[in-house]
Amino acid sequence: MHSAYELIAAAASRTPGQPALVDDLTGLSFTYGELLDEVDAVAAALAERGVARGMRFATVLPNNIEHCLTILALARLGAVPALMNVRLPPGELAQLMDQAGVVGALLLPDPTLVAATREVVGSSGTVLCAGGATEGAEAFGECRGDVDSLPPVPEVERDELAYIFYTSGTTGLPKGVLLSHKTTLPRIVWISALTGVRAGTHTRTLGMAPLSHAIGFYGNFLMSLAYSGTYFTSSALDPESLLSCIERNEISLVFTVPTFYFALMSAPGYRPERLSSIRNLMWGGATIRPDLLRSINEDLDVTTSHLYGTTETMVSLYNHAPGDEPTRLQPGLFSSVRLVEFGGGPDDLVGVGEEGELLISAASDTIFDGYLDMQDETAGKVRDGWYHTGDTFRLRPDGDLEYSGRVDDIIRSGGENVHPDEVEAALSDHPAVGDLGVVGFPDDYWGEMVVACVVCDDDTSVAELDSWCREGPLADYKRPRGYLMLESLPRNAANKLLRTELRMIDPGILQRI
-11 MHSAYELIAA AASRTPGQPA LVDDLTGLSF TYGELLDEVD AVAAALAERG
39 VARGMRFATV LPNNIEHCLT ILALARLGAV PALMNVRLPP GELAQLMDQA
89 GVVGALLLPD PTLVAATREV VGSSGTVLCA GGATEGAEAF GECRGDVDSL
139 PPVPEVERDE LAYIFYTSGT TGLPKGVLLS HKTTLPRIVW ISALTGVRAG
189 THTRTLGMAP LSHAIGFYGN FLMSLAYSGT YFTSSALDPE SLLSCIERNE
239 ISLVFTVPTF YFALMSAPGY RPERLSSIRN LMWGGATIRP DLLRSINEDL
289 DVTTSHLYGT TETMVSLYNH APGDEPTRLQ PGLFSSVRLV EFGGGPDDLV
339 GVGEEGELLI SAASDTIFDG YLDMQDETAG KVRDGWYHTG DTFRLRPDGD
389 LEYSGRVDDI IRSGGENVHP DEVEAALSDH PAVGDLGVVG FPDDYWGEMV
439 VACVVCDDDT SVAELDSWCR EGPLADYKRP RGYLMLESLP RNAANKLLRT
489 ELRMIDPGIL QRI
């Protein structure tokens, strides 16, 4: 069974001089031969600090060289990276680390996060910081050890835990998604088949999708390494810097949310030739707007792909040439799917033109092994051998599926999942707020915009509510980007908020941030 470390070891044997990792900001780069040596040195240092096979180690970083090296070094030891969203607040990250039982972590030099992490791992745990040492943490740059002392490369088993990813749960606290080594190759091969990436194609991938997301990890990072491609990290977020990065590095493969493509093609400095190196342009996390898709197809000579998947299942549906039907999808490799009646079982299939919930067979090697310490949640999602996605589709006459929404109320905004309860909890503490409900509104930029529907004192401004959210513990990507100031909220006889009615309010009265 192949681990991430064995992928780079094989690439280093085939193409030792081929560039493997490049940091666009600093210019730091490693060939495959250099990468293997550097990973071994980091692994040796971690082993000297007590990290060993099966132990869990948190990573809380954006896509950068330090993050990549640590993931691969942990794989060298047979340890388990717990890849956490860098945008979560320190208190929530500490809860996740405690739940996972991590023995260490690699972090940004945030004193609050370092202190919270140190409390979780104790004095014997390993806390590393990218960018330099800080109180309670060592500098990652000094974390190099004697490679001669490394234990042999472990022969990992197919069902052995390889990674922990995180996805939003029904309570709002992210759930740990357990993924074994058997998922690695099928997930890589599926994206390779879709994009045509092979050894010798020298694909140049821009790591925009976070490593803490399954598609960014398997479909960008590991796929690039598996086929001796070059993976570029970049901290650029503004459109002009991204255009320059793509143009300068002749990037050939990009995956991100439609929001970024809209920003790139709307930037003052955009010209089609600046993106002419791109051959594969993929998106997920939201449906792309038809006019943006038409602009992409008119301006660029690219293969476009809309990917649908979850952390638990990876990519299950795709549309390789969406044309003017961006919501149309079909099953992919390794995916057996069914569309069933809401609340039904795997045999309660819907008919042509009908809407239902998407189920994915749990027999696939791409499927997760369950949620961390959440047996009831796992049993609720995987029933009778099928994973219940909570997403709704309509069955077309040609057998393809058309995405229509979600069964539950989770908002998919900018590629992230936002649970309304969390946002409501943050706003409800404001002294002027009497009643509120949070929903998602369709939006060209965000996919779904987080909208707070609020009943409050007449003299309370939207700016004041936004400032309250900014200063509180709420992660920035969960902050409402729009407000509806209402006299009352629709509720039923049991006083349950009727979110469906909120979503039907005229967006013309929406106050945007």
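Residue numbers (this note's numbering): -11 to 501.
Ideal Cβ placement from N, Cα and C applies to all residues, glycine included.
Please go through the same chain and pick out, in chain order, the residues whose beta-carbon is closer than 7 Å to the beta-carbon of residue i, but skip the five residues on each side of it.
i	result
Thr158	Because Thr158 sits at a pLDDT of 39, beneath the cut-off of 50, its placement in the model cannot be relied upon, and the following sentence gives the value as read from the coordinates. Here the set comprises nothing.
Pro314	Thr275, Ile276, Pro278, Leu281, His294
Val328	Pro334, Asp336, Leu337, Val338, Gly344, Glu345, Leu347
Met362	Lys163
Lys466	Val406, Glu410, Val411, Val438
His(-10)	Thr172, Leu173
Ala32	Gly133, Asp134, Val135, Ser137, Leu138
Ile497	Leu472
Thr100	Pro78
Glu(-6)	none
State the start and end residues of the unbroken alpha helix (DSSP H) segment that holds residue i.
i	result
Gly344	Here Gly344 belongs to no alpha helix (DSSP H); instead the beta strand (DSSP E) covers 343 to 349.
Phe248	246 to 254
Trp178	172 to 183
Leu453	450 to 459
Ala214	211 to 214
His55	53 to 65
Cys319	A quick correction: the sequence has Pro, not Cys, at residue 319. From DSSP, Pro319 is part of no alpha helix (DSSP H) but of the beta strand (DSSP E) over 316 to 319.
Leu101	99 to 109
Thr488	487 to 491
Please work out which residues of its chain come closer than 6 Å, Cβ to Cβ, to residue i, disregarding the five sequence neighbours upstream and downstream, and give them in chain order.
i	result
Pro408	Asp397, Val426
Gly428	Ile399, Glu436
Thr299	Phe153, Thr155, Val165, Ala202
Ala420	Cys444, Asp445, Thr448
Pro4	Tyr20, Gly21
Glu489	Pro478
Gly393	Thr380
Val108	Ala82, Met85, Asp86
With DSSP as the reference, identify every bridge partner of residue i, one or two as the case may be.
i	result
Cys233	Partner(s): none; Cys233 has no beta bridge.
Gln87	Gln87 is not bridged to any residue.
Thr122	Ala125
Asp447	Paired residues: none, contrary to the question.
Met437	Phe429
Ile152	Ala70, Leu166
From what residue to what residue does the beta strand (DSSP E) around residue i run?
i	result
Thr218	218 to 221
Ser304	302 to 307
Val48	44 to 48
Pro408	Not the beta strand (DSSP E): Pro408 falls in the alpha helix (DSSP H), residues 408 to 416.
Ser283	Premise fails: Ser283 lies in the alpha helix (DSSP H), 278 to 287, not in any beta strand (DSSP E).
Ile399	399 to 401
Val115	114 to 117
Arg192	192 to 194
Pro69	68 to 71
Ala93	92 to 95
Arg326	325 to 328
Gly297	291 to 298
Leu199	Per DSSP, Leu199 belongs to no beta strand (DSSP E) and is neither H nor E.
Tyr465	Neither: Tyr465 is in no beta strand (DSSP E) and is coded neither H nor E.
Only counting the same chain, and skipping five residues up and downstream in sequence, which positions put a Cβ closer than 8 Å to that of residue i?
i	result
Ser352	Pro174, Thr301, Phe322, Ser323, Ser324
Asp287	Met253, Pro260, Leu263
Gly387	Gln318
Arg186	Ser180, Tyr215
Arg106	Gly113, Val115, Gly124, Ala125
Ala350	Val370, Gly373, Trp374, Tyr375
Gln6	Ala(-1), Thr19, Tyr20, His190, Ser216, Thr218
Is the CB-CB distance between residue i and residue j below 9 Å?
i	j	result
Gly120	Ala104	no
Gly470	Ala440	yes
Arg41	Leu65	yes
Val245	Ile234	no
Arg316	Leu199	no
Gly272	Gly378	no
Val340	Pro385	yes
Ser240	Thr191	yes
Leu305	Val290	no
Pro495	Leu486	no
Ala(-8)	Leu60	yes
Asp12	Thr193	no
Ser223	Asn52	yes
His55	Leu94	yes
Ala463	Arg75	yes
I want to see whether chain D comes within less than 9 Å of residue i, judged by CB atoms only; does it?
i	result
Gly133	The structure shown contains no chain D; it holds only a single protein chain.
Notebook entry, point to check: In chain order, which beta strand (DSSP E) runs of at least 3 residues are fully inside the stretch 346 to 393?
Noted result: Whole beta strand (DSSP E) segments, 3+ residues: 374 to 383.
Next item on the list: Please specify which runs of the beta strand (DSSP E), each continuous and at least 3 residues long, are wholly inside the stretch -11 to 41, giving them in chain order.
Entry: Those beta strand (DSSP E) runs which fall completely within the stretch -11 to 41 and span 3+ residues are 7 to 11, 17 to 19.
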